[in-house]
Amino acid sequence: MEKTPLARLLDEFHQHRLGREIEDGEHYADAEVDFFDDIVSGVDARSDEIDELVTAKLAAGWTLARLDKTMVQILRAGTYELIARADVPKAAAISEYVDVAKAFFDDREAKFVNGLLDAVAKQVR
1 MEKTPLARLL DEFHQHRLGR EIEDGEHYAD AEVDFFDDIV SGVDARSDEI DELVTAKLAA
61 GWTLARLDKT MVQILRAGTY ELIARADVPK AAAISEYVDV AKAFFDDREA KFVNGLLDAV
121 AKQVR
């Protein structure tokens, strides 16, 4: 979201976030590092294609710039997974990103993620 160089961003997550302590004994969840790296790298490499797919599914008059930055990243990651990770079932991918949206937003926004990613999935799978 902040245009951090990819190598630096991945290193930050590997060294300080994935499975690491947040505070007072609480930890970030462990992650499948190769899968995480593929999602982050893939979104970066295919950002134009991804943004075009997402933008095409937005309501008339809406752009990515009008959306919350976190929402944009959720939609980008979900779209990448749908177009590039055929090993992940469509419903599972969508459900995971709906859950991510619920961690940051209300139900209305989670339903938005569900609808948009479902529309993308129908086009690309």
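The sequence shown begins at 1 in the UniProt record's numbering and counts up by one.
Every residue gets a Cβ at the ideal spot worked out from N, C-alpha and C, and that includes glycine.
DSSP three-state call for Glu-23: helix, strand or coil? Counted from its first residue, the sequence shown places residue 23 at position 23. If DSSP states are grouped into helix, strand and coil, Glu-23 belongs with the strands.
Whole alpha helix (DSSP H) elements within the UniProt domain "NusB/RsmB/TIM44" (19 to 122), 4-residue minimum: 33 to 45, 47 to 57, 69 to 84, 90 to 104
For His-14, I'd like the list of residues in its chain whose CB is within less than 8 angstroms of its CB, leaving aside the five on either flank, ordered along the chain. Along the sequence shown, one-based indexing puts residue 14 at 14. So the qualifying residues of the chain are Val-33.
Under a Cβ-count criterion, where at least 16 other Cβ atoms within 10 Å of its own Cβ denotes burial, should Gly-42 be classed as buried or exposed? The sequence position of residue 42 within the sequence shown is 42, counting from 1. Buried, because 16 or more other Cβ atoms sit within 10 Å of the Cβ of Gly-42.
Residues of its chain near Arg-76, where Cβ-Cβ distance is below 8 angstroms and the 5 sequence neighbours each way are ignored: The residue given as residue 76 occupies position 76 in the sequence shown. Correct list, in chain order: Val-43, Ser-47, Ile-50, Asp-51, Val-54.
Is it true that the CB of Arg-66 sits closer than 8 angstroms to the CB of Lys-90? As a first step, residue 90 must be located in the sequence shown, where it is residue number 90. As a first step, residue 66 must be located in the sequence shown, where it is residue number 66. No; because the gap between Cβ atoms is not below 8 angstroms, this pair is not in contact.
Anticipated Cβ contact below 8 angstroms, Tyr-80 with Ile-39, distance rounded: Against the sequence shown, residue 80 aligns to sequence position 80. Against the sequence shown, residue 39 aligns to sequence position 39. 6 angstroms between Cβ atoms; contact.
Less than 8 angstroms between the C-beta atoms of Lys-122 and Ala-110, yes or no? Taking the sequence shown and counting its residues from 1, one reaches residue 122 at position 122. Taking the sequence shown and counting its residues from 1, one reaches residue 110 at position 110. No, Cβ-Cβ distance for Lys-122 and Ala-110 is not below 8 angstroms.
With a 10 Å radius around its C-beta and 16 neighbouring C-beta atoms as the bar for buried, classify Ile-112 as buried or exposed. Here residue 112 is taken as the residue at index 112 of the sequence shown, counted from 1. Correcting the residue identity first, residue 112 is Phe in this sequence and not Ile. Counting Cβ neighbours within 10 Å, Phe-112 comes out buried, since at least 16 surround it.
Close-in-space but distant-in-sequence residues of the same chain around Asp-118 (CB under 7 angstroms, 5 per side omitted): Looking up residue 118 in the sequence shown gives position 118. Only Ile-94 meet the Cβ criterion.
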